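Quick mapping for you: the protein sequence lines, in order, are chains H and P.
Going by this note's numbering, the first residue of the first sequence is number 201, and it counts up by one from there.
Going by this note's numbering, the first residue of the second sequence is number 186, and it counts up by one from there.
Note that the Cβ used here is the ideal one computed from N, Cα and C, for glycine as well.
This one's a predicted model, so the numbers in the text were calculated from it and none came from an experiment.
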Amino acid sequence: MKTLIIGEVVDNKLSSGALEIVTKANDLGLDYEIVTVGSEESPNIGSESFKNTYMKCSENKLSLGSVADKLKNIIEENTISLVLAPSTYVGRDLIAFLSVDFKSSQISNVINFEIEGESVITSNSINGGESEYNSKISSPNKFLLIRPKSFEEAALDLNINFETVEITSEDPEVFDIFIEEKTGPQLEDSKIVISAGRGMVDSENLSLVQDLASKLNAAIGGTRAIVDAGWMPYSQQVGQTGKTVKPDVYIALGISGATQHQVGMKDSKYIIAVNKDEEAPIFQIADLGLVADTLSIVPKITENL
Amino acid sequence: MKIAVCAKQIPDPALEITYNGGNINRPDEQVLDDTDRYGIEVALQLKEKFDAEVTVISMGSLGTEKGIQQALQMGPDGALVLEDDSLSGSNSLMTANVLSELSKKVEADITIFGTESTDGYSGVIPQQVSRMLGVPCISYIKAVDIDESVTLTRQTSTGSEKVVMPSNCVLSVTAGGVEPRYPNFKDIMAAKSKPIERISIADINYDAQQNLEFVDIKDVSTTKQGEKIIDEGEGFQIIIDKLKELKAI
Ligand SMILES: Cc1cc2nc3c(=O)[nH]c(=O)nc-3n(C[C@H](O)[C@H](O)[C@H](O)COP(=O)(O)OP(=O)(O)OC[C@H]3O[C@@H](n4cnc5c(N)ncnc54)[C@H](O)[C@@H]3O)c2cc1C
Ligand SMILES: Nc1ncnc2c1ncn2[C@@H]1O[C@H](COP(=O)(O)O)[C@@H](O)[C@H]1O
């Protein structure tokens, strides 16, 4: 099945979401090409094993509508039937635009898919990951948004050989671009993740989490409740509308365990939860649960490590 | 300025969701999706500054219309809702088709959405509607600064960026960017006399089709038989021992 994978340039490289989809595409033996979207000068995104077109946008324009116009042409000219994108902000915008152009609804939150003749069977996670919904798409064009971490990242030798398409447009201007500083271990690739919830009681107590994380060389995450409250930047949110993580050890501190949080962390290899409420749902998915007060136990762990 | 703002009615999230085939069972009484309160708040702030007319738009089984009332209680001027049995189990494109037509019917300059609904969370409908209407989509808005012009701060994967709101566009608003207002008794009473126009699919230009076929739903919820220990002072040591056993330290 002729396939297009939509990728992004992140830190001059092909995004992890795209590399995860490449693994699945290779497993299924799909005939695919990649279109990468970004604004960097000469990223390492090309490969000998597939065709890669780079849509180079101005970072000062909101140009995804124009990118979608170009993608539409590529899909038509190459009679592409399956279009796959990671469920990121950029991926969601582009897949949505294309689904309108081709009058074919997308499927979101896809965690796996298989090819059956000319059709695609998808599994997508619903209800905070508690159920898996299976659908069949038989329309000529199929658009899938793939949840991060559904597949392992492909190891590829990336280079700078690709075709560049400059995107110029009348799109709205963008200004005051703010890049959040990345310090310390990152959520996506840390072996240990420590996440905080409202049960850390006050934003000031996050220093306790920070101290523990430094000792364990762990990345720090949080629930939407504390991100909305401004305790932590959005980039650290774990869950349905935040990041998906699969570390060796996930430590949930003062997190109730709403399904929307669970969906982003329940596949961690080992889950430790600390909550003062014995009935907190997080205990249902924890390997080790401590019914305890975060404020007293967290500093004690740090001191005794 | 005319504004259309989405209000989706959903089953009370506190209750367990059940399915009939591939569709969520929708009780007669549905509530306003909390996610839409943020978009409604933005619409109302624009109304206060620019004297805009704000119309709630909604699609789906209406039932007692509790969710629509909850939206109107916040302050919009009226609602335009579409209920049609043939739309049950709609895919995102069908929903987007209806919502874009509702936006056209109220001649909206600005159409406002949440970023994703609590029950459906396909998270693409605002972008689809913008494409159908042929206007820019300013997605994932996390802050709004209203002056003579309106500056919108968008969440991006690396941080944020700002955009001046075009005069004709679609917005999607994330939770947390603005603080939704709570209606008081007077607002609740006033909402009861606000106009709600009810139309059906025959009243709009509808041409979307179902291209997704439901196969099955599997329950994959995992409850682990993990250990649960009540801390009696040595809890920290249990965690440290476990981290050692896991070779995390
Ligand atoms: C569409 C949608 C998308 C969402 N996406 C996400 C998402 O991506 N990520 C996410 O996390 N949430 C998401 N949510 C929100 C989610 O439903 C929950 O509201 C949120 O996860 C709760 O965060 P919390 O556990 O920090 O807070 P709470 O639910 O308030 O839980 C706090 C917990 O701390 C415990 N506690 C309090 N004090 C102490 C103490 N001193 N010691 C120990 N324990 C204590 C309490 O017992 C309680 O269990 C989403 C919601 C919706 C509707
Ligand atoms: N049936 C509906 N009626 C009104 N608004 C809706 C409806 N479905 C979705 N929306 C809007 O579209 C956004 C995205 O929805 P979804 O694609 O279901 O995640 C929601 O936050 C709502 O603002």
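Any heavy atom of ligand 2 closer than 7 Å to the CB of residue 284 (chain P)?
Because some heavy atom of ligand 2 lies under 7 Å away, the Cβ of residue 284 (chain P) counts as near it: yes.
What would DSSP say about residue 306 (chain H), mapped onto helix, strand or coil?
In the structure shown, residue 306 (chain H) sits in a strand (DSSP, three-state: E or B).
Residue-chain proximity (residue 193 (chain P), chain H), Cβ-Cβ < 8 Å
Cβ-Cβ to chain H under 8 Å: no for residue 193 (chain P).
Within 7 Å: the Cβ of residue 326 (chain H) and any heavy atom of ligand 2?
Because no heavy atom of ligand 2 lies under 7 Å away, the Cβ of residue 326 (chain H) does not count as near it: no.
Whole beta strand (DSSP E) elements within the stretch 254-295 of chain H, 3-residue minimum:
Those beta strand (DSSP E) runs which fall completely within the stretch 254-295 of chain H and span 3+ residues are 282-286.
Exposure of residue 304 (chain H), with buried meaning 16 or more beta-carbon neighbours within 10 Å
Looking at its Cβ environment, which holds 16 or more other Cβ atoms inside 10 Å, residue 304 (chain H) is buried.
From residue 270 (chain H) to residue 397 (chain P), what distance separates their C-alpha atoms?
Spanning the two alpha carbons is a distance of roughly 26 Å.
Going along chain H in order, which residues have a C-beta closer than 7 Å to the C-beta of residue 317 (chain P)?
300, listed in chain order.
Give the range of the beta strand (DSSP E) segment to which residue 345 (chain H) is assigned.
Boundaries of the beta strand (DSSP E) harbouring residue 345 (chain H): 342-346, taken from the DSSP string.
Of the residues H:334, H:258, H:313, the one placed nearest residue 285 (chain H), counting alpha carbons only:
With distances taken between Cα atoms, residue 285 (chain H) lies closest to H:313.
Name the chain H residues that come within less than 9 Å of residue 427 (chain P), Cβ to Cβ?
Result: 449, 470, 472, 487, 488.
Would you identify the three-state DSSP class for residue 204 (chain H), choosing helix, strand or coil?
Of the three classes helix, strand and coil, the one that applies to residue 204 (chain H) here is strand, per DSSP.
Among P:313, P:328, P:252, P:422, nearest to residue 373 (chain P) - alpha-carbon criterion:
Comparing Cα-Cα distances from residue 373 (chain P) to each of P:313, P:328, P:252, P:422, the minimum goes to P:252.
Residues that DSSP places opposite residue 389 (chain H) in a beta bridge:
DSSP, once it has assigned bridges, lists no residue as partnering residue 389 (chain H).
Rounding to the nearest angstrom, what Cα-Cα distance links residue 325 (chain H) and residue 460 (chain H) in this structure?
Each residue's alpha carbon lies about 11 Å from the other.
In chain P, what lies closer than 9 Å to residue 374 (chain H) by C-beta?
Within 9 Å Cβ-Cβ: 339, 346, 347, 348.
Distance between residue 326 (chain P) and residue 340 (chain P) (C-alpha atoms, nearest Å)
Pairing residue 340 (chain P) with residue 326 (chain P), the inter-Cα distance amounts to about 6 Å.
Residue 351 (chain H) (DSSP reduced to helix, strand or coil)
Assigned with DSSP and collapsed to three states, residue 351 (chain H) falls in coil, not helix or strand.
What residue range is occupied by the uninterrupted beta strand (DSSP E) comprising residue 443 (chain H)?
Per DSSP, residue 443 (chain H) belongs to no beta strand (DSSP E) and is neither H nor E.
Just to confirm the assignment: which complete beta strand (DSSP E) runs, minimum length 3, are found wholly within the stretch 394-467 of chain H?
The qualifying runs are 419-422, 449-453.
Hey, how far is the Cα of residue 204 (chain P) from the Cα of residue 210 (chain P)?
The straight-line gap from Cα to Cα measures roughly 5 Å.
Taking only beta carbons into account, state which residues of the stretch 222-246 of chain H come closer than 9 Å to chain P, listed in chain order.
Residues passing the 9 Å Cβ filter: none.
Quick one: measure Cβ to Cβ for residue 189 (chain P) and residue 280 (chain P), integer angstroms, because I've assumed they're closer than 8 Å.
Residue 189 (chain P) to residue 280 (chain P), Cβ: 14 Å. No contact.
Consider the C-beta atom of residue 306 (chain P) and the heavy atoms of ligand 1; say whether any pair is separated by less than 7 Å.
Indeed, a heavy atom of ligand 1 lies less than 7 Å from the Cβ.
Where does residue 387 (chain P) land, buried or exposed, given buried means 16+ other C-beta within 10 angstroms?
So residue 387 (chain P) counts as exposed.
For chain H, check one thing: does any of its Cβ atoms lie closer than 8 Å to the Cβ of residue 231 (chain P)?
Residue 231 (chain P) has a beta carbon lying at 8 Å or more from every beta carbon in chain H.
Closest by C-alpha distance to residue 504 (chain H), when choosing among P:352, P:419, P:430, P:342:
Taking residue 504 (chain H) as reference, the option from P:352, P:419, P:430, P:342 with the minimal CA-CA separation is P:419.
Does residue 337 (chain H) get closer than 8 Å to chain P when you measure Cβ to Cβ?
Yes, residue 337 (chain H) lies at the interface with chain P (some Cβ there is under 8 Å from its Cβ).
Which residue marks the beginning of the alpha helix (DSSP H) containing residue 219 (chain H), and which one marks its end?
Counting along the chain, the alpha helix (DSSP H) containing residue 219 (chain H) begins and ends at 216-227.
Please list, in chain order, all residues with a C-beta atom less than 5 Å from at least one heavy atom of ligand 1.
This selection yields H:397, H:398, H:399, H:423, H:424, H:425, H:439, H:440, H:441, H:442, H:454, H:455, H:456, H:458, H:460, H:461, H:475, H:476, H:477, H:480, H:493, H:494, P:303.
Please confirm whether residue 434 (chain H) has its beta-carbon closer than 8 Å to some beta-carbon of chain A.
Among the chains of the structure shown, chain A does not appear; the protein chains present are H and P.
Mind the definition here: the stretch 223-234 of chain P touches the stretch 354-368 of chain P only if three or more C-beta pairs lie below 8 Å; say whether that holds.
Because the criterion of three Cβ pairs below 8 Å is met, the stretch 223-234 of chain P and the stretch 354-368 of chain P touch.
On the DSSP bridge list, what partners appear for residue 401 (chain P)?
In the DSSP assignment, residue 401 (chain P) is bridged to H:334.
Beta-bridge pairing of residue 330 (chain P) - partner residues as DSSP gives them
DSSP output for residue 330 (chain P) lists P:336 as bridge partner(s).
When Cβ atoms are compared, which residues of the stretch 354-381 of chain H fall closer than 8 Å to chain P?
Listed in sequence order: 371, 372, 373, 374, 375, 376, 377, 378, 379, 380.
DSSP state of residue 245 (chain P) mapped onto helix, strand, coil:
Correct three-state label for residue 245 (chain P): coil.
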